[in-house]
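Everything on this sheet refers to the single structure shown next.
Chains as they are written, first to last, in full-length UniProt numbering: chain Z, 1 to 143; chain R, 1 to 422.
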């Protein structure tokens with residue numbers, strides 16, 4: 001099963017302060033360990049929300065709200081994608097990450113197609129969605 | 001923390017740490033079976049102590065420390081027994097002395113290659129293929145006997161026995177716990193890769209049973225392959241195999257329909273392919289080629305898989321390139337199955353009549369007599385050429401030969417369709 005590990009933002013990451021050389025080295029080591037164990041599928045860090053935007057959907061045209069956003073703790077500063085046998089295994093890997101006091105990470109399981117089976121027993125919805133995607137893709141290919 | 005939480009944590013720690021633990025211990029005691037026992041002892045100690053003492057800061061190091069103490073005890077005991085034997089005049093084999101080296105030195109020898117040695121030992125040619133698979137999943141994949149049994153649809157006692165016997169065989173054959181060198185290395189690497197690919201394939205298209213795929217096994221094999229890449233970054237074929245598995249795994253979500261029926265590659269909805277895995281696979285292939293391994297058997301198969309992966313739609317597939325890659329593969333690993341696949345590529349590039357020429361030659365091949373894909377492919381060519389009666393016979397023959405229920409349904413449906421389209 002796959003899990004997304006979300007690293008929450010903090011004041012420093014929002015201010016665009018780069019991690020110390022020590023932390024960067026420790027993180028590099030940790031990533032290497034994850035890769036060598038065949039656990040890490042991908043992982044990225046995000047720029048501060050000042051460079052981002054939010055697009056809010058209302059009754060009319062969507063509104064674009066430029067960053068930065070105030071609630072640092074609710075923001076995402078980076079993520080990993082893990083492939084592991086169990087939620088416990090994912091948690092144990094996260095515990096080994098070289099973060100200091102105050103850091104907060106969130107663990108979320110990634111949906112697999114089978115997960116939708118209870119609400120889509122015949123697979124009809126899944127198939128419709130796939131058809132739509134295929135249309136989108138062939139449309140994009142023709143352009 | 002309540003006890004059950006601790007138990008779950010211990011299980012997770014075990015899953016992550018056991019391969020390294022067993023590998024490190026095997027270097028000290030030079031016996032994979034004994035190493036696993038010692039590691040299990042440490043696990044039992046953790047189960048006894050952690051619920052009350054709490055989980056240590058570095059659980060992996062704790063387990064290793066505990067297991068090493070037991071290893072030392074065991075080696076000392078052995079030495080004592082030997083000395084006793086010496087005293088009463090028994091002859092001791094000279095090599096026995098070598099197998100019990102200076103204990104302290106062995107423990108301090110911090111070599112990162114332990115895992116690699118464990119890989120080569122688990123996949124040693126003295127073992128049967130089934131034993132290599134079971135031992136690899138158990139010692140390196142961290143799977144329980146029950147999980148292995150479930151994955152291969154074999155009774156649990158059979159797997160347990162297989163593992164016990166494998167460990168005994170390794171000990172009796174005095175298989176050295178080491179990474180082979182020189183010309184032997186390439187040969188042994190290919191044995192290791194074969195074991196991993198076998199595990200992957202059993203997950204990718206199960207040879208028996210009601211389910212066509214067991215994705216859990218694919219995940220296990222991929223993980224083993226990714227570990228191996230980390231251990232042997234300079235071996236092009238390791239990258240080739242990982243590339244092949246990543247690209248094939250990218251299609252797992254598109255290979256079955258809602259009721260579990262198989263969907264052929266060209267009919268698959270490519271939007272459902274996992275594009276991250278494709279990217280990873282293409283990256284690994286590029287690495288294999290950079291290392292000079294473009295002509296390796298796995299790299300070539302990965303290159304073939306990549307031709308599919310790069311085509312946005314089935315129609316855009318570069319069949320001429322595919323046929324060329326199969327011709328190359330046929331030179332590296334000549335086999336009727338590769339020829340059969342080449343026939344498919346040739347038929348797509350140059351028409352079903354060209355493909356049929358190759359397939360008709362294969363009809364003489366004794367090794368393919370019971371291979372359901374031969375009549376299945378031949379039926380496909382005949383159907384396209386409008387020779388429907390002949391096509392139906394081939395589809396029915398293929399359906400009778402396959403052991404997979406899902407695939408049989410599909411073939412019988414195609415046979416029935418030849419009647420309808422007349």
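All residues carry an ideal CB built from backbone N, CA and C; glycine is no exception.
Identity of the residue in the options nearest residue i by Cα
i	options	result
residue 85 of chain Z	R/197, R/296, R/222 and R/290	R/222
residue 414 of chain R	R/77, R/270, R/262 and R/296	R/262
residue 240 of chain R	R/250, R/229 and R/249	R/229
residue 265 of chain R	R/312, R/18, R/136 and R/358	R/312
residue 7 of chain R	R/50, R/296, R/77 and R/327	R/50
residue 103 of chain Z	Z/69, Z/75, Z/25 and Z/47	Z/75
residue 190 of chain R	R/405, R/235, R/397 and R/23	R/235
residue 33 of chain Z	Z/108, Z/101 and Z/94	Z/94
residue 297 of chain R	R/308, R/218 and R/328	R/328
residue 251 of chain R	R/237, R/273, R/232 and R/238	R/273
residue 3 of chain Z	Z/65, Z/41 and Z/19	Z/41
residue 270 of chain R	R/281, R/185, R/218 and R/314	R/314
residue 44 of chain R	R/31, R/294, R/62 and R/381	R/62
residue 194 of chain R	R/130, R/396, R/143 and R/164	R/130
Start and end residues, alpha helix (DSSP H) containing residue i
i	result
residue 28 of chain Z	21-36
residue 93 of chain Z	87-95
residue 152 of chain R	145-152
residue 42 of chain R	32-53
residue 299 of chain R	297-310
residue 161 of chain R	156-172
residue 248 of chain R	236-249
residue 340 of chain R	336-350
Euclidean distance between Cα positions of residue i and residue j
i	j	result
residue 169 of chain R	residue 197 of chain R	23 Å
residue 357 of chain R	residue 182 of chain R	43 Å
residue 118 of chain R	residue 179 of chain R	9 Å
residue 146 of chain R	residue 305 of chain R	33 Å
residue 78 of chain R	residue 29 of chain R	11 Å
residue 171 of chain R	residue 373 of chain R	41 Å
residue 27 of chain Z	residue 97 of chain Z	7 Å
residue 425 of chain R	residue 122 of chain R	Coverage of chain R is limited to positions 1 through 422, which leaves residue 425 of chain R absent and any answer about it impossible.
residue 344 of chain R	residue 308 of chain R	13 Å
residue 81 of chain Z	residue 23 of chain R	27 Å
residue 143 of chain R	residue 33 of chain R	16 Å
Own chain partners of residue i with C-beta closer than 6 Å, once the 5 adjacent residues on each side are dropped
i	result
residue 97 of chain R	Low confidence applies here, because residue 97 of chain R scores a pLDDT of 46, under 50, leaving its location unreliable and the question unanswered by this model.
residue 148 of chain R	134, 137 and 159
residue 200 of chain R	218, 221 and 245
residue 108 of chain Z	4
Residue interval of the beta strand (DSSP E) (run including residue i)
i	result
residue 40 of chain Z	40-45
residue 5 of chain Z	2-8
residue 78 of chain Z	76-83
residue 132 of chain R	Unbroken run through residue 132 of chain R is the alpha helix (DSSP H), 129-139; no beta strand (DSSP E).
residue 387 of chain R	No beta strand (DSSP E) holds residue 387 of chain R; DSSP gives it neither H nor E.
residue 63 of chain Z	63-66
residue 55 of chain Z	53-56
Beta-carbon proximity list for residue i, same chain, < 7 Å, skipping 5 on both sides
i	result
residue 72 of chain Z	9, 10, 11 and 14
residue 67 of chain Z	49, 50, 51, 52 and 53
residue 101 of chain R	A caution first: residue 101 of chain R carries a pLDDT of 47, below 50, which makes its placement in the model unreliable, though a value can still be read off. Taken in chain order, the list of residues that qualify is empty.
residue 336 of chain R	362, 365, 367 and 368
residue 346 of chain R	323, 354, 355 and 358
residue 351 of chain R	none
residue 255 of chain R	213, 262, 263 and 268
residue 342 of chain R	323, 326, 327, 330 and 358
Residues near residue i by beta carbon distance below 8 Å, same chain, minus five either side
i	result
residue 47 of chain R	7 and 10
residue 284 of chain R	229, 239, 240, 242, 243, 246 and 302
heavy atom of the ligand COA below 7 Å from residue i C-beta
i	result
residue 66 of chain Z	What this structure holds is no ligand at all, so the ligand COA is not there to describe.
TODO: Tell me, please, whether the stretch 86-103 of chain Z touches the stretch 2-20 of chain R by the rule of three or more beta-carbon pairs shorter than 8 Å.
DONE: In the pairwise beta carbon analysis, the stretch 86-103 of chain Z is classified as touching the stretch 2-20 of chain R: at least three pairs are separated by under 8 Å.
- prompt: Are the stretch 241-259 of chain R and the stretch 149-166 of chain R touching by the rule of at least three beta carbon pairs closer than 8 Å?
  reply: No, the stretch 241-259 of chain R is not in contact with the stretch 149-166 of chain R.
Does the count of Cβ pairs from the stretch 171-178 of chain R and the stretch 368-381 of chain R closer than 8 Å reach three?
-> no
So, does the stretch 64-81 of chain R touch the stretch 36-43 of chain R, judging by three or more C-beta pairs under 8 Å? yes
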